Every structure is written in structure tokens, then in C-alpha cells.
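First residue of the sequence shown? That's 1 in UniProt numbering, and the numbers climb one at a time after it. Glycine included, C-beta positions come from ideal geometry on N, C-alpha and C. Treat the numbers as computed from the prediction; the structure is a model and nothing was measured.
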Amino acid sequence: MNQSDISVRLLGTDQIQGLAAHLTAAGLPTQDLLQPDRMFYSFHRGETELGYGGIEGTGRTRLIRSLVVVPAQRKSGIGTLLLRALERIAEADGAQSLHLLTTTAPDFFEARGYEHRDRSQAPKAISSSEEFKSLCPTSAVYMVKDLAT
Numbered sequence: 001m002n003q004s005d006i007s008v009r010l011l012g013t014d015q016i017q018g019l020a021a022h023l024t025a026a027g028l029p030t031q032d033l034l035q036p037d038r039m040f041y042s043f044h045r046g047e048t049e050l051g052y053g054g055i056e057g058t059g060r061t062r063l064i065r066s067l068v069v070v071p072a073q074r075k076s077g078i079g080t081l082l083l084r085a086l087e088r089i090a091e092a093d094g095a096q097s098l099h100l101l102t103t104t105a106p107d108f109f110e111a112r113g114y115e116h117r118d119r120s121q122a123p124k125a126i127s128s129s130e131e132f133k134s135l136c137p138t139s140a141v142y143m144v145k146d147l148a149t
């Protein structure tokens with residue numbers, strides 16, 4: 001499968017429940033899904049659900065709010081394709097860097113170009129997010145990728 005096989009659907013507020021169920025099952029936070037400046041997407045191949053992802057913020061610096069592959073699609077390379085799709089969406093919207101916090105997948109993101117950073121290096125747009133301030137534990141790994149490279 002390649003990127004062209006995947007369709008991306010922007011979720012409306014009435015479609016957040018499906019995303020929330022998958023995030024909850026994966027142990028990821030859901031408390032802020034309906035807050036402003038968050039765009040969530042579902043990814044499909046035909047009618048087959050592959051996963052969900054989200055981007056938070058505006059401007060050049062954005063936060064990957066969530067990335068989750070549905071259980072039936074895991075271990076098949078789908079996560080990489082979904083991450084690339086989120087990166088392209090953010091870049092097309094003017095983002096120059098993507099930031100994230102993870103407790104479970106630092107190796108996955110590092111293998112895809114994200115670098116470990118100390119949380120004190122986070123720009124204000126990231127460090128003031130609910131995910132950074134309260135939703136993710138302080139043990140979460142903070143990572144950054146420059147989209148221009």
C-alpha cells in the first residue's frame with residue numbers, strides 16, 4: 001500500500017466520538033478534543049478504517065495532537081503512512097515544524113525523523129498547550145521535526 005491508496009477525511013465535531021473511542025482504547029487523552037485550533041482526520045483505504053490523527057495550533061509551529069492506528073491495521077506500515085499524511089497536511093497549511101509528546105512510541109517517531117528535545121526547549125505555542133501542561137505526564141518524551149528537511 002502507498003500514500004495514494006489512503007483517503008483523508010476531516011472530522012466534524014459530530015464525528016469526534018469514533019476518534020475518542022480509539023484514543024481511549026490506546027490510553028491517549030481525550031479531554032480536549034473539542035477545544036479550538038485542533039483539526040482531526042480519519043484515514044481510510046476504501047471503506048476500511050485505518051486510523052486517526054490530529055494537529056493542534058496555527059502558524060509555523062504545530063503539535064501532533066494524536067496519531068492512532070486501529071488495532072486491525074497495526075504492524076503493517078500504516079502508522080508511517082498516516083504520519084506522513086499529517087506532516088503533508090501541516091506543511092500545506094504553513095507549518096514548518098511539528099512537535100509531539102509520547103509515552104509509548106519514541107522509537108517509532110525517531111525512526112521517522114523526529115528528534116528528542118528537552119521540554120524546556122518547547123516554544124510557547126507548544127508549552128502552553130493543554131497536552132503539554134496537563135494531559136501528558138511529565139515523563140512523556142518531547143520530540144520535534146523540522147518539515148523543511
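- Taking a C-beta distance under 8 Å as the contact criterion, L82 and G51 qualify as a contact pair.
- Between S76 and L23, the C-beta gap is not smaller than 8 Å, which leaves the two residues out of contact.
- Uninterrupted alpha helix (DSSP H) stretches at least 4 residues long and entirely within the segment 47–134 occur at 78–92, 106–110 and 124–127, given in chain order.
- For D146, the three-state secondary structure derived from DSSP is strand.
- A residue is called buried when at least 16 other Cβ atoms come within 10 angstroms of its Cβ; L63 meets this threshold and is buried.
- Comparing alpha carbon positions, the residue from S97, G59, G94 and D107 closest to T80 is D107.
- At a Cβ-Cβ threshold of 8 Å, S97 and R60 count as neighbours.
- R117 has its alpha-carbon roughly 22 Å from the corresponding atom of G94.
- Following the DSSP letters along the chain, one finds L10 inside the beta strand (DSSP E) bounded by residues S7 to L10.
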